[in-house]
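Following this note's numbering, the numbering of the sequence shown begins with 2 at its first residue and continues without gaps.
No residue lacks a Cβ here, since even glycine has one placed at the ideal position from N, Cα and C.
Encoded as C-alpha cells, the structure appears first; notes follow it.
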Amino acid sequence: MLKAYLAGPMEYEHDHGRGWREELTPGLLKLGIIPIDPTLGGEPGHQTRIIDTESSALSQAKASHDWPKFTELMHRVWVNDKKWVDSADFLIVYCRGTDNLSGTIREMQEAYEYGKPIFLIVSGDPAQLKSHTLYMALRRGKIFVAFDEFLSYFKNYLAEHGEAAIKDHEPDLFQVSQKVLIIKDSRELLILKDCHHPTHFDLPGGRLNVNEFTISLEESVAREITEELGSDIKLKINYQPVVAGRVVLWDPRINDWHYRRVFFVCYEAQYLGGEIVLSEEHVSYEWVDVKKFDPTGRFKPGLAEAIKSYLLCKK
C-alpha cells in the first residue's frame with residue numbers, strides 16, 4: 002500500500018492543521034492510501050504525538066526565551082517530521098495561497114531531493130505562493146484547487162500507471178563512514194563503549210567530513226583513529242574493505258534513532274602497539290575473543306550484522 006505524508010501549516014493554525022487532514026483521510030483510505038498525519042504522530046495504529054501539548058510547550062519556551070528548551074523540543078519535531086517524510090511514498094501538501102509554510106517548505110525540499118511526488122492542493126490563488134514552493138510541486142507533481150479534484154486525478158493515475166510509478170524515486174542519499182576492525186595477536190578485536198548509548202559499542206572510525214571530499218580515504222581514516230584512540234597507537238591497516246553495511250544514527254537528544262542514514266565500509270588492521278587514549282566519544286574499550294564474541298545486540302543493528310559476518314570468517 003502507498004503511504005502519503007500530509008504536509009501543511011500547523012504552528013499558526015487554530016486547529017493545528019487537523020481539520021483538513023481529517024477531511025481528506027477517508028478519501029485516501031478508499032484509494033488504499035495510508036495517511037501519515039503529523040498532527041496525530043504518524044500512521045494509524047502508530048500515533049505518538051499530542052499536538053496541543055507539544056504546541057503549548059513550544060510557545061511557552063519561545064515566549065520565555067528559553068532557547069535550550071525550545072531547541073530540545075523543536076529537535077524532536079524536526080527529527081520525527083523527517084522520519085515521516087522518509088517513510089512516505091509521496092507528499093500531499095494543503096495550504097492557502099497566503100499561508101506561511103515554514104516547516105512545510107523543508108518537508109517539500111526533503112521529498113524533492115529524494116524524487117518523491119509532491120501534490121499541492123491550494124485554497125485560493127496558487128500564484129500567491131512563493132515561486133520556490135510552486136516549482137517543487139510542478140517539477141515533482143501537480144497542483145490542485147480542491148480535495149475532490151486531487152482524489153479523482155489520483156484514482157485515475159493509479160488505474161493507468163499503478164503504484165510502481167509513485168514509488169519510482171531518486172537514488173538514496175547516505176553519509177559515508179569508514180570503520181576499522183583492529184585485531185591484536187590474531188585473537189582479539191578492539192571494541193569501544195559508546196558514550197551516547199547505554200548498551201551499544203562501536204568500532205574506531207567515523208563519517209567523512211564535508212571538507213574531506215578531495216583528500217584520500219586513508220587520510221580521513223588516520224584522522225578518525227588519532228581523534229578516537231590517540232596519536233600513540235600503532236596500526237597496520239589494509240585498505241581493502243572486508244565488509245560493508247548500512248546503519249541509522251542514534252540520537253541521544255531524543256533517546257531514539259535519528260533519520261540520518263550511513264553507508265559504512267570496514268577495514269582490517271593489525272595492532273602493533275602503543276597506548277590507547279580514548280576521546281570523549283567513548284567511555285571504555287575492550288579486547289574481545291574473535292572466535293567467541295557475539296556482537297548481536299551490542300552494536301547498531303547494521304554494524305552488528307557486518308561484524309558478525311566478519312567474525313564468521315575468523316572461526
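task: Taking ARG299 as the reference, give the member of VAL181, ASP16, SER65 and LYS194 with the closest Cα.
output: Position 298 of the sequence shown, counted from the first residue, corresponds to residue 299. Each of VAL181, ASP16, SER65 and LYS194 was checked against the Cα of ARG299, and the nearest Cα belongs to LYS194.
- prompt: Is VAL222 helix, strand or coil when you go by DSSP?
  reply: Counting from one through the sequence shown, the residue named residue 222 turns up at place 221. In this structure, DSSP gives VAL222 a helical state, which the three-state scheme calls helix.
query: Is it right to say GLN179 is buried, meaning 16 or more other beta carbons lie within 10 angstroms of its own, or is it exposed?
result: As a first step, residue 179 must be located in the sequence shown, where it is residue number 178. With 16 or more other Cβ atoms within 10 Å, it is buried.
message: Between which two residues does the alpha helix (DSSP H) holding PHE148 run?
response: By one-based count along the sequence shown, residue 148 stands at place 147. Note, PHE148: alpha helix (DSSP H), 148-162.
query: Roughly how far, in whole angstroms, is the beta-carbon of LEU3 from the beta-carbon of ILE34, given that I think they are within contact range, below 8 angstroms?
result: In the sequence shown, residue 3 corresponds to position 2, counting from 1. In the sequence shown, residue 34 corresponds to position 33, counting from 1. Indeed, because the Cβ distance is near 5 angstroms, the residues count as touching under 8 angstroms.
message: Could you compute how far the alpha carbon of LEU218 sits from the alpha carbon of GLY206?
response: Here residue 218 refers to the residue found at position 217 of the sequence shown. Here residue 206 refers to the residue found at position 205 of the sequence shown. Here the C-alpha atom of LEU218 lies approximately 11 angstroms from the C-alpha atom of GLY206.
message: With distance defined between alpha-carbon atoms, name the residue in GLU73, GLY28 and VAL86 nearest to GLY42.
response: Residue numbering aside, residue 42 sits at position 41 when the sequence shown is read from its first letter. Of GLU73, GLY28 and VAL86, the residue nearest in Cα terms is VAL86.
task: Measure the CB-CB distance between ALA147 and LYS117 and report whether it falls below 8 angstroms.
output: Along the sequence shown, read from residue 1 onward, the residue named residue 147 stands at position 146. Along the sequence shown, read from residue 1 onward, the residue named residue 117 stands at position 116. Result no, Cβ atoms of ALA147 and LYS117 do not sit closer than 8 angstroms.
query: Using a Cβ-Cβ cut-off of 8 angstroms (strictly less than) and excluding sequence neighbours within five positions of PHE175, which residues of its own chain qualify?
result: Residue numbering aside, residue 175 sits at position 174 when the sequence shown is read from its first letter. Taking C-beta separations shorter than 8 angstroms and ignoring five residues to either side along the sequence, the partners of PHE175 in its chain run ARG247, ARG262, VAL263 and PHE264, following chain order.
message: Which residues does DSSP list as the beta-bridge partners of ILE35?
response: The residue labelled residue 35 in the question sits at position 34 within the sequence shown. According to DSSP, ILE35 bridges with LYS4.
For LYS315, the three-state DSSP class (helix, strand or coil): If you number the sequence shown from 1, residue 315 lands on position 314. The three-state reading of DSSP puts LYS315 in coil, since its state is none of H, G, I, E or B.
task: Spatial neighbours of GLY1 within its chain, please: CB distance less than 6 angstroms, with the 5 preceding and 5 following residues excluded, ordered by chain position.
output: There is simply no residue 1 to check, as the chain begins at 2 and stops at 316 in what is shown.
message: Under 7 angstroms: does the beta carbon of ILE234 sit that close to some heavy atom of the ligand HEM?
response: With respect to small molecules bound, the structure shown includes none, and the ligand HEM cannot be examined in it.
- prompt: So, is GLY163 buried or exposed, given that buried needs 16 or more other C-beta atoms within 10 angstroms?
  reply: The residue given as residue 163 occupies position 162 in the sequence shown. Exposed, since its Cβ has fewer than 16 Cβ neighbours within 10 Å.
query: Considering only the beta carbon of each residue, do ILE216 and LEU204 sit closer than 8 angstroms?
result: Here residue 216 refers to the residue found at position 215 when the sequence shown is read from its first residue. Here residue 204 refers to the residue found at position 203 when the sequence shown is read from its first residue. Result no, Cβ atoms of ILE216 and LEU204 do not sit closer than 8 angstroms.
query: Is DSSP giving ASP295 helix, strand or coil here?
result: Translated into the one-based positions of the sequence shown, residue 295 becomes position 294. Annotated three-state conformation of ASP295 is coil, per DSSP.
- request: Please report the residue range of the beta strand (DSSP E) in which HIS283 lies.
  value: Here residue 283 refers to the residue found at position 282 when the sequence shown is read from its first residue. Note, HIS283: beta strand (DSSP E), 283-290.
message: Quick check: the Cα distance between ILE106 and LEU25, rounded to an integer number of angstroms?
response: In the sequence shown, the residue the question calls residue 106 occupies position 105. In the sequence shown, the residue the question calls residue 25 occupies position 24. So the alpha carbons of these two residues sit roughly 21 angstroms apart.
query: Using the C-alpha atoms, what's the distance from HIS170 back to LEU209?
result: Against the sequence shown, residue 209 aligns to sequence position 208. Against the sequence shown, residue 170 aligns to sequence position 169. The straight-line gap from Cα to Cα measures roughly 25 angstroms.
field: Simplified DSSP assignment, three categories, for LYS185
entry: Here residue 185 is taken as the residue at index 184 of the sequence shown, counted from 1. In the structure shown, LYS185 sits in a strand (DSSP, three-state: E or B).
- prompt: Where does the unbroken beta strand (DSSP E) through SER124 begin, and where does it stop?
  reply: Looking up residue 124 in the sequence shown gives position 123. Bounds of the beta strand (DSSP E) holding SER124 are 119-124.
- prompt: Distance, Cα to Cα, SER153 vs GLU73?
  reply: Position 152 of the sequence shown holds residue 153. Position 72 of the sequence shown holds residue 73. Going from the Cα of SER153 to the Cα of GLU73 covers about 41 angstroms.
task: Could you name the residues that DSSP lists as bridge partners for CYS96?
output: What you label residue 96 is simply residue 95 of the sequence shown in a count that begins at 1. Note: CYS96 sits in a beta bridge opposite VAL123.
- request: Pick helix, strand or coil for LYS131, following the three-state DSSP scheme.
  value: Sequence index remark: in the sequence shown, residue 131 carries index 130 (1-based). Assigned with DSSP and collapsed to three states, LYS131 falls in coil, not helix or strand.
task: Using the DSSP secondary-structure output, state which residues sit across from GLY207 in a beta bridge.
output: Position 206 of the sequence shown holds residue 207. Looking at the DSSP output, GLY207 bridges to GLN179.
message: For GLY125 and HIS201, what's the separation of their Cα atoms in angstroms?
response: Walking along the sequence shown from the start, residue 125 turns up at place 124. Walking along the sequence shown from the start, residue 201 turns up at place 200. The straight-line gap separating the alpha-carbon atoms of GLY125 and HIS201 is approximately 52 angstroms.
PHE145 - containing beta strand (DSSP E), residue span: Position 144 of the sequence shown holds residue 145. Run containing PHE145: 143-145, per the beta strand (DSSP E) assignment.
task: My understanding is that VAL266 touches ALA245, with C-beta atoms under 8 angstroms, so please give their C-beta distance in whole angstroms.
output: What you label residue 266 is simply residue 265 of the sequence shown in a count that begins at 1. What you label residue 245 is simply residue 244 of the sequence shown in a count that begins at 1. Contact between VAL266 and ALA245 holds, with the beta-carbon distance rounding to 5 angstroms and staying under 8 angstroms.
field: For MET11 and ALA58, the rounded distance between their alpha carbons
entry: Residue mapping note: residue 58 aligns to position 57 of the sequence shown, counting from 1. Residue mapping note: residue 11 aligns to position 10 of the sequence shown, counting from 1. Cα-Cα distance, rounded: 14 angstroms.
Segment limits, alpha helix (DSSP H) that includes GLU108: One-based indexing of the sequence shown puts residue 108 at position 107. From DSSP, the alpha helix (DSSP H) with GLU108 extends over 104-114.
- prompt: So the alpha helix (DSSP H) LEU74 belongs to, where does it begin and stop?
  reply: Counted from its first residue, the sequence shown places residue 74 at position 73. Unbroken alpha helix (DSSP H) run through LEU74: 68-88.
- request: Can you have a look at LEU139 and say buried or exposed, based on whether 16 or more other CB atoms are within 10 angstroms of its CB?
  value: The residue given as residue 139 occupies position 138 in the sequence shown. Exposed.
message: Going by C-alpha to C-alpha distance, which of ALA112, VAL181, TYR158 and PHE155 sits closest to PHE91?
response: Position 90 of the sequence shown holds residue 91. When C-alpha distances from PHE91 are compared across ALA112, VAL181, TYR158 and PHE155, the shortest belongs to ALA112.
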